[in-house]
Amino acid sequence: MALAGVVIGLCVIITTRYGIDIWIYQKAVFGYLGLIVFAVIMLASQLGYDVINTEVFASSMIKVMGTYGLELSDAWTPWLATACALLGTWIAIKGPIAVRNVTRIMVPMLFLIGIIILITVFSNFSFSELMQIKPLYADEYGGAWEKYMIVTEWNIAFIFGWFASIGVVSRLTKSESKSYWGHFSGFTFIMASFVCIGVLTALAMLGATGVESVDPTDWLLELGGPVLGIMSLVFIAFANISTVAVSLYGIAISTKVLKPELKFKYVTLFWAGWIILLIFWGGIWDYYHVFLALIGATAGPIVALILVDFFLIRKSRISMKDLYQVNGSKGYMYSKGINIPAVVSFFVGIAGYLFVYEPFEGVPRSDIFLFTTGTGFGMFVSGACYYLLSLIKPINHYLRKDRHLESETKQNAISGEK
Numbered sequence: 001m002a003l004a005g006v007v008i009g010l011c012v013i014i015t016t017r018y019g020i021d022i023w024i025y026q027k028a029v030f031g032y033l034g035l036i037v038f039a040v041i042m043l044a045s046q047l048g049y050d051v052i053n054t055e056v057f058a059s060s061m062i063k064v065m066g067t068y069g070l071e072l073s074d075a076w077t078p079w080l081a082t083a084c085a086l087l088g089t090w091i092a093i094k095g096p097i098a099v100r101n102v103t104r105i106m107v108p109m110l111f112l113i114g115i116i117i118l119i120t121v122f123s124n125f126s127f128s129e130l131m132q133i134k135p136l137y138a139d140e141y142g143g144a145w146e147k148y149m150i151v152t153e154w155n156i157a158f159i160f161g162w163f164a165s166i167g168v169v170s171r172l173t174k175s176e177s178k179s180y181w182g183h184f185s186g187f188t189f190i191m192a193s194f195v196c197i198g199v200l201t202a203l204a205m206l207g208a209t210g211v212e213s214v215d216p217t218d219w220l221l222e223l224g225g226p227v228l229g230i231m232s233l234v235f236i237a238f239a240n241i242s243t244v245a246v247s248l249y250g251i252a253i254s255t256k257v258l259k260p261e262l263k264f265k266y267v268t269l270f271w272a273g274w275i276i277l278l279i280f281w282g283g284i285w286d287y288y289h290v291f292l293a294l295i296g297a298t299a300g301p302i303v304a305l306i307l308v309d310f311f312l313i314r315k316s317r318i319s320m321k322d323l324y325q326v327n328g329s330k331g332y333m334y335s336k337g338i339n340i341p342a343v344v345s346f347f348v349g350i351a352g353y354l355f356v357y358e359p360f361e362g363v364p365r366s367d368i369f370l371f372t373t374g375t376g377f378g379m380f381v382s383g384a385c386y387y388l389l390s391l392i393k394p395i396n397h398y399l400r401k402d403r404h405l406e407s408e409t410k411q412n413a414i415s416g417e418k
């Protein structure tokens with residue numbers, strides 16, 4: 001996860017250095033029209049994470065209430081999840097100041113939850129006792145290395161799913177260094193540390209009760225009693241509401257970046273409606289590993305294309321005039337608004353992903369997976385394909401049209417002065 005966060009951090013260099021959203025830069029990668037298609041797919045799929053957050057909120061509410069004698073059926077789950085989504089929407093609509101303020105509360109709460117969980121776990125178990133607990137599904141997914149790489153695939157896909165919001169959150173910082181370090185630390189060691197805490201606690205609960213659960217409310221109720229259960233309800237509820245708010249704000253801003261004439265409030269409500277639709281569908285929660293595969297198969301190749309395009313093909317130089325089409329500058333029009341080599345490379349990357357990994361069963365198809373993961377191989381294939389195509393002179397001219405137009409403009413200006 002930490003390595004995946006470093007790769008995502010390379011994209012942050014683009015957004016922070018030029019002060020733009022990552023979707024603005026992708027005009028150079030996919031073209032003015034191609035960008036819209038890819039943006040809709042990625043923005044809509046990223047909101048699956050918010051569905052998970054809202055359902056964790058609902059599950060926590062139901063379990064803690066049950067501890068105090070108020071039994072609620074599973075039929076309440078989508079309605080409580082919807083309440084979480086609506087509260088997050090209300091905060092997001094209030095804008096960046098509200099989002100920043102709830103984040104300043106949410107982050108310390110999350111750290112406090114992590115500390116409480118660690119204290120609870122190690123007051124019940126020693127580290128050696130935890131290591132002796134047989135892992136869940138220990139007899140599935142082949143050998144030890146295969147198991148490790150499958151989990152690595154899921155974690156990399158999880159991190160890559162957040163790339164759609166890069167460039168939005170950085171606007172809430174006051175310097176480049178804060179943006180870099182905030183993204184790097186958040187997407188690498190902090191995220192990975194919380195996953196490790198979750199693994200330890202799930203093992204501790206399994207060892208103490210024989211019950212399998214991925215819900216932190218279950219952990220705190222079983223290992224810490226109803227008092228910690230209530231505390232978890234408050235913290236987890238606020239954390240999930242805040243996470244939905246931050247995510248919705250980011251996606252609404254990214255959408256407005258693509259279509260500035262849209263009203264922020266209505267864009268936010270539209271995406272909130274999409275979250276609620278997914279909540280009542282229920283498929284994200286039931287097929288989470290397939291959802292992760294969708295993210296890995298699409299986000300991986302897109303990130304690779306962005307990095308190859310910026311660092312290798314354009315040598316870290318882009319035309320802001322062409323990105324924003326100032327004075328009719330359209331260096332990224334390509335073929336009627338679509339960058340054909342990039343689109344071809346994207347689908348070649350997906351084919352590479354499917355060649356080494358079976359997303360529905362969650363098992364490798366090739367030994368290559370054991371060294372690259374599915375997302376990693378998809379990235380390599382798409383990035384390599386795009387770069388090799390760029391070495392062909394006519395295609396390079398096609399991709400670097402912005403530089404050629406800039407040169408022509410300078411020459412015409414010099415000729416006019418003469």
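The opening position of the sequence shown corresponds to residue 1 in the working numbering, with each subsequent residue numbered one higher.
Yeah, the Cβ is synthetic: ideal placement off N, Cα and C, and Gly gets one too.
As the structure is a computational prediction, the values presented were derived from the model and not from experiment.
Item to complete: Could you tell me which of Gly34, His397 and Ile13 sits nearest to Ile338, measuring between CA atoms?
Response: Gly34
Fill in: Straight-line gap, Ala138 to Lys147 (C-alpha atoms, nearest Å)
9 Å
Worksheet item: Does the region 176-194 come within contact of the region 53-69, defined as at least 3 CB pairs closer than 8 Å?
Response: no
Discussion item. Taking the straight line between their C-alpha atoms, what separation do you get for Gly374 and Tyr141?
Written reply: 15 Å
Item to complete: Apply the 10 Å Cβ neighbour rule to Leu228 and answer buried if 16 or more other Cβ atoms are within range, or exposed otherwise.
Response: buried
Fill in: Where Val234 falls, given that 16 or more other Cβ within 10 Å makes a residue buried
exposed
Item to complete: Measure the C-alpha to C-alpha separation of Ala202 and Ala4 and round it to an integer number of angstroms.
Response: 24 Å
Item to complete: Check whether the Cβ atoms of Leu110 and Ala239 sit closer than 7 Å, and answer yes or no.
Response: yes
Worksheet item: Measuring CA to CA, which of Met149, Gly167 and Trp181 is closest to Val6?
Response: Trp181
Practice prompt. Can you grab the Cα-Cα spacing for the pair Glu460 / Ser170, in whole Å?
Written response: What the structure shows of the chain is the stretch from 1 to 418, and residue 460 is not part of that stretch, so it cannot be assessed.
Discussion item. Threshold first: 4 residues or longer. Then list the alpha helix (DSSP H) segments lying entirely within the region 67-138, N to C.
Written reply: 77-93, 96-124 and 127-132
Worksheet item: If we ignore side chains and look at the alpha-carbon of each, how far apart do Ile36 and Thr372 end up?
Response: 30 Å
Worksheet item: How do the region 268-285 and the region 80-94 stand: do at least 3 beta-carbon pairs fall below 8 Å, yes or no?
Response: yes
Practice prompt. Tell me whether Val211 sits in a helix, a strand or coil according to DSSP, three-state version.
Written response: coil
Discussion item. Measuring straight from C-alpha to C-alpha, what distance separates Asn412 and Val99?
Written reply: Residue placement at Asn412 is poorly supported in this model, since its pLDDT is 48, which falls under 50; the coordinates are not used for a value here.
Discussion item. Strictly by DSSP, which residues pair up with Ser335?
Written reply: Ile338
Item to complete: Kindly indicate which residue of Phe380, Gly362, Ile392 and Ala208 has the alpha-carbon position closest to the one of Trp154.
Response: Gly362
Worksheet item: What three-state label does DSSP hand Pro216 in the structure shown?
Response: helix
Worksheet item: In chain order, which continuous runs of the alpha helix (DSSP H) of length 4 or greater are located wholly inside the region 316-386?
Response: 320-323, 340-356 and 369-372
Worksheet item: In three-state DSSP terms, what is Tyr141?
Response: coil
Fill in: For Thr54, the nearest candidate out of Trp23, Ser247 and Leu200 (CA to CA)
Ser247
Worksheet entry | Beta-carbon gap between Val381 and Val348 smaller than 7 Å | yes
Worksheet item: Out of Met1, Thr152, Lys134 and Tyr25, which has the shortest C-alpha to C-alpha gap to Phe369?
Response: Thr152
Worksheet item: What's the gap between the Cα of Leu294 and the Cα of Ile20?
Response: 26 Å
Practice prompt. State the Cα-Cα distance for the pair Phe264 and Leu86, rounded to the nearest angstrom.
Written response: 16 Å
Practice prompt. Leaving aside the five residues before and after Ala2 along the sequence, list all residues of the same chain whose C-beta is less than 7 Å from its C-beta, in chain order.
Written response: Thr188, Phe189 and Ala192
Fill in: For Tyr287, the three-state DSSP class (helix, strand or coil)
coil
Worksheet item: If you run the structure through DSSP and keep just helix, strand and coil, what is Gly300?
Response: helix
Worksheet entry | Ile97 classed as buried or exposed, judged by whether at least 16 other C-beta atoms fall within 10 angstroms | exposed
Worksheet entry | Close-in-space but distant-in-sequence residues of the same chain around Ala252 (CB under 7 Å, 5 per side omitted) | Ala92, Phe264, Val267, Thr268 and Trp271
Worksheet item: Out of Thr77, His183, Lys178 and Asp215, which has the shortest C-alpha to C-alpha gap to Val195?
Response: Asp215
Practice prompt. State the Cα-Cα distance for the pair Tyr398 and Gly331, rounded to the nearest angstrom.
Written response: 9 Å
Fill in: Nearest neighbour of Gly383, chosen from Leu312, Glu176 and Gly328 [CA to CA]
Leu312
Discussion item. Given this structure, state the Cα-to-Cα distance separating Thr209 from Met149, to the nearest angstrom.
Written reply: 29 Å
Discussion item. Buried or exposed, going by whether 16 or more other CB atoms sit within 10 Å of the CB of Gly273?
Written reply: exposed
Item to complete: Could you say which of Ala28, Thr298 and Glu222 lies nearest to Pro359 if we only look at CA atoms?
Response: Thr298
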